[in-house]
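Asker: Residue numbers (our numbering): 11 to 277. Every residue gets a Cβ at the ideal spot worked out from N, C-alpha and C, and that includes glycine.
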Amino acid sequence: MAVYDLSITDGLLSTTRAVRKRLDFERPVSNDIICACLELALQAPTGANRQGWRWIVITDRDKRNAMGEIYRRGAGTYLEDGQRNADTTGAAQDSRVFSSAQYLAANIQKAPVHVIPCIAVDQLPVDPPRHVWPGLMGSILPAVWSFQLALRARGLGSTFTTLHLRRDDEAAELLGIPAYIMQVGLVPVAYTIGTDFKPAHRPPLHGSLSSCGQTCSSGVHGPVPPLEMSHRPVPPLSVSTSQRTSSSTYPNLSSLFRVDEVLRNVQ
Ligand SMILES: Cc1cc2nc3c(=O)[nH]c(=O)nc-3n(C[C@H](O)[C@H](O)[C@H](O)COP(=O)(O)O)c2cc1C
11 MAVYDLSITD
21 GLLSTTRAVR
31 KRLDFERPVS
41 NDIICACLEL
51 ALQAPTGANR
61 QGWRWIVITD
71 RDKRNAMGEI
81 YRRGAGTYLE
91 DGQRNADTTG
101 AAQDSRVFSS
111 AQYLAANIQK
121 APVHVIPCIA
131 VDQLPVDPPR
141 HVWPGLMGSI
151 LPAVWSFQLA
161 LRARGLGSTF
171 TTLHLRRDDE
181 AAELLGIPAY
191 IMQVGLVPVA
201 YTIGTDFKPA
211 HRPPLHGSLS
221 SCGQTCSSGV
231 HGPVPPLEMS
241 HRPVPPLSVS
251 TSQRTSSSTY
261 PNLSSLFRVD
271 EVLRNVQ
């Protein structure tokens, strides 16, 4: 028997989309709702139960404008090139994604809130071996997704973006982020225009599932086959408030920083 109403939980999980063209740039977003969603995000799992995350919340207009410029410099011609390529090859879904991503790139500064999730990398070895990355990213990205789910449940939308990371040094300078704090993305947040989002088309599970024992109805039985490279080209990994929130309301949010207090707080 299900513990929760699956029509609600599965609906949330299957319809939380990267929202770009349906972000309502005019409707203000309260600091409290951001903090409530971040509080929920803090329940996400982390490696060794270390909470090395930092959340930079930007509502200040000038800072958001500057982040928009950095984002566009980071994107370079990546999105236009992707759109052209998708149009040439007739990849309709990719074409829609690139069109939507270009819209966001042009307008990202208008999102009333930008959240930059970060993780402390002071313990990271020089030239880290491959096995380190899942632990590091796995200690922040589940929390980011929880944040996005919590937003969606409240009528807000977001997109996890990484394009500005190609210029993360510029963002670090703008926001005063020290070298041992690694930015992992930029999440523009706004209320959505309408709330009727749908499940996305995804290649069927059996294409990516290998089962070494029992199988589910859509599963593949038998030994793990050699991993095929993706059926479609994988694009390269792409990639401000400043109002203080009362710590008595959100006692766990000691990792939340006003943009102008980043340095002082994380040291
Ligand atoms: C690691 C990662 C990086 C991403 N980077 C960007 C980005 O820089 N800009 C953007 O507009 N979307 C970005 N996205 C959003 C994806 O384009 C989006 O999740 C994908 O197209 C699927 O759409 P859906 O989430 O609505 O199903 C990123 C998503 C992930 C998971």
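Is any heavy atom of ligand 1 found at a distance shorter than 7 Å from the C-beta of Phe35?
Answerer: Position 25 of the sequence shown, counted from the start, is the residue given in the question as residue 35. Flag unset: Cβ of Phe35 not near ligand 1.
Asker: Should the stretch 71-87 be called in touch with the stretch 127-136, which here means at least 3 C-beta pairs below 8 Å?
Answerer: No, they do not touch.
Asker: Could you check whether Pro38 and Ile118 sit closer than 8 Å to each other, using their CB atoms as the reference points?
Answerer: Position 108 of the sequence shown, counting from 1, holds the residue named residue 118. Position 28 of the sequence shown, counting from 1, holds the residue named residue 38. Against a cut-off of 8 Å, the Cβ pair of Pro38 and Ile118 comes out as no contact.
Asker: Any idea which residues DSSP pairs His124 with across the strands?
Answerer: Within the sequence shown, residue 124 is the residue found at index 114, counting from 1. Answer by DSSP bridge pairing, in chain order: Ile68 and Pro198.
Asker: Should Arg30 be listed as close to ligand 1, given that the test is whether its C-beta is under 7 Å from any heavy atom?
Answerer: If you number the sequence shown from 1, residue 30 lands on position 20. Indeed, a heavy atom of ligand 1 lies less than 7 Å from the Cβ.
Asker: CB Leu33 to CB Gly204, shorter than 8 Å?
Answerer: For the purposes of this step, residue 33 is taken as residue 23 along the sequence shown, with counting starting at 1. For the purposes of this step, residue 204 is taken as residue 194 along the sequence shown, with counting starting at 1. For Leu33 and Gly204, no; Cβs fall outside 8 Å.
Asker: Closest by CA to Ala153, which one among Thr56, Asp20 and Ile43?
Answerer: In the sequence shown, the residue the question calls residue 153 occupies position 143. Per the Cα distances, Thr56.
Asker: Mind reading off the beta-carbon distance from Leu151 to Tyr81? Whole number of angstroms is fine, and I expect it under 8 Å.
Answerer: Looking up residue 151 in the sequence shown gives position 141. Looking up residue 81 in the sequence shown gives position 71. At roughly 19 Å, the Cβ-Cβ gap does not stay under 8 Å, so Leu151 and Tyr81 are not in contact.
Asker: Rounded to whole angstroms, how far is the Cβ of Arg30 from the Cβ of Ala111, which I believe are closer than 8 Å?
Answerer: Within the sequence shown, the letter at position 20 stands for residue 30. Within the sequence shown, the letter at position 101 stands for residue 111. Right, the Cβ-Cβ distance comes to about 7 Å (below 8 Å), so this counts as a contact.
Asker: Helix, strand or coil for Asp91 per DSSP?
Answerer: For the purposes of this step, residue 91 is identified with residue 81 of the sequence shown, where counting begins at 1. It is helical.
Asker: Please tell me whether, using a cut-off of 7 Å, the distance from the CB of Thr171 to the nearest non-hydrogen atom of ligand 1 is below it.
Answerer: Locating residue 171 in the sequence shown gives position 161, where the first residue counts as 1. Thr171: yes, Cβ under 7 Å from ligand 1.
Asker: In the DSSP assignment, find the unbroken alpha helix (DSSP H) run with Ile43 in it and report its ends.
Answerer: Looking up residue 43 in the sequence shown gives position 33. Run containing Ile43: Asn41 to Ala51, per the alpha helix (DSSP H) assignment.
Asker: Which residues bound the beta strand (DSSP E) around Gly223?
Answerer: Position 213 of the sequence shown holds residue 223. Careful: Gly223 lies outside any beta strand (DSSP E) and carries neither H nor E.
Asker: What residue range does the beta strand (DSSP E) around Ser168 cover?
Answerer: Start at 1 with the first residue of the sequence shown, and residue 168 comes out as number 158. Its beta strand (DSSP E) spans residues Leu166 to Ser168.
Asker: Would you say Tyr190 and Asp132 are within 8 Å of each other, going by their C-beta atoms?
Answerer: Against the sequence shown, residue 190 aligns to sequence position 180. Against the sequence shown, residue 132 aligns to sequence position 122. Yes, the pair counts as a contact, with Cβ atoms nearer than the cut-off.
Asker: Output yes or no for whether 8 Å exceeds the beta carbon distance between Val136 and Thr69.
Answerer: Translated into positions along the sequence shown, residue 136 becomes position 126. Translated into positions along the sequence shown, residue 69 becomes position 59. In this structure, Thr69 does not lie closer than 8 Å to Val136 by Cβ.
Asker: Distance check for Trp155 and Arg106, CA to CA, integer angstroms please.
Answerer: Taking the first residue of the sequence shown as 1, we reach residue 106 at position 96. Taking the first residue of the sequence shown as 1, we reach residue 155 at position 145. Rounded to whole angstroms, Arg106 to Trp155 spans 22 Å at the Cα level.
Asker: Is it buried or exposed for Met192, if we count other Cβ within 10 angstroms and need 16 for buried?
Answerer: Here the question's residue 192 lines up with position 182 in the sequence shown. Looking at its Cβ environment, which holds 16 or more other Cβ atoms inside 10 Å, Met192 is buried.
Asker: Can you tell which of Ala28, His141, Phe157 and Gly223 has the C-alpha that lies nearest to the C-alpha of Cys1?
Answerer: Residue coverage of the chain in this structure runs from 11 to 277, which leaves residue 1 outside it and unanswerable.
Asker: Compute the minimum distance between the beta carbon of Ala111 and the heavy atoms of ligand 1, and state whether it is under 7 Å.
Answerer: Numbered from its first residue, the sequence shown carries residue 111 at position 101. True, at least one ligand heavy atom lies under 7 Å from that Cβ.
Asker: Where do the ends of the alpha helix (DSSP H) carrying Met147 lie?
Answerer: Locating residue 147 in the sequence shown gives position 137, where the first residue counts as 1. It spans Val142 to Met147 - the alpha helix (DSSP H) in which Met147 sits, taken as one unbroken run.
Asker: How should Trp65 be labelled, buried or exposed, when 16 other C-beta atoms within 10 angstroms of its C-beta is the threshold for buried?
Answerer: If you number the sequence shown from 1, residue 65 lands on position 55. Counting Cβ neighbours within 10 Å, Trp65 comes out buried, since at least 16 surround it.
Asker: On a Cα-Cα basis, can you pick out the residue from Gly165, Glu49, Leu114 and Gly217 that is closest to Thr172?
Answerer: Here the question's residue 172 lines up with position 162 in the sequence shown. Considering only alpha carbons, the answer is Leu114.
Asker: Give a single yes or no on whether Arg27 has its beta carbon closer than 7 Å to a heavy atom of ligand 1.
Answerer: Within the sequence shown, the letter at position 17 stands for residue 27. Yes, since a heavy atom of ligand 1 falls inside the 7 Å radius drawn around the Cβ of Arg27.
Asker: Beta carbon of Pro209, beta carbon of Thr25: below 8 Å?
Answerer: Taking the first residue of the sequence shown as 1, we reach residue 209 at position 199. Taking the first residue of the sequence shown as 1, we reach residue 25 at position 15. Closer than 8 Å, so yes.
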